[in-house]
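Here the structure comes first, spelled out in structure tokens, and everything after it is commentary.
Numbering (the working numbering), first residue to last: -5 to 98.
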């Protein structure tokens, strides 16, 4: 299993309202993710120390499953909607391999 870890920083005008909007859009975006057989879920984290910081962790069976998501015809539209709430920065994304999971 792999994890795609992405970092973003919400616009500074009202980070908590931006976080709520970002979270709602992300929840709606799940419908696109659900079309990918190898998609295994996500965790969306909101910074306590920096309320502008969002960490998005998505889990897939293989890198190719993530590539399939990115190639989805609606993917760019959803990313554009999310981007309305974050600072424009170069993407900060890393692909990691899961070594241990202790979910309860």
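Glycine included, C-beta positions come from ideal geometry on N, C-alpha and C.
DSSP lists 1, 39 as the bridge partner or partners of residue 49. In this structure residue 38 touches residue 20 by the C-beta definition: roughly 6 Å separates them, less than 8 Å. Annotated as proximal: residue -3 and residue 92, with beta-carbon spacing under 8 Å. Of the residues assessed, residue 48 falls on the buried side of the cut-off, its CB having 16 or more other CB atoms within 10 angstroms. Closest in C-alpha terms to residue 22, from the list 80, 54, 73, 1, comes 73.
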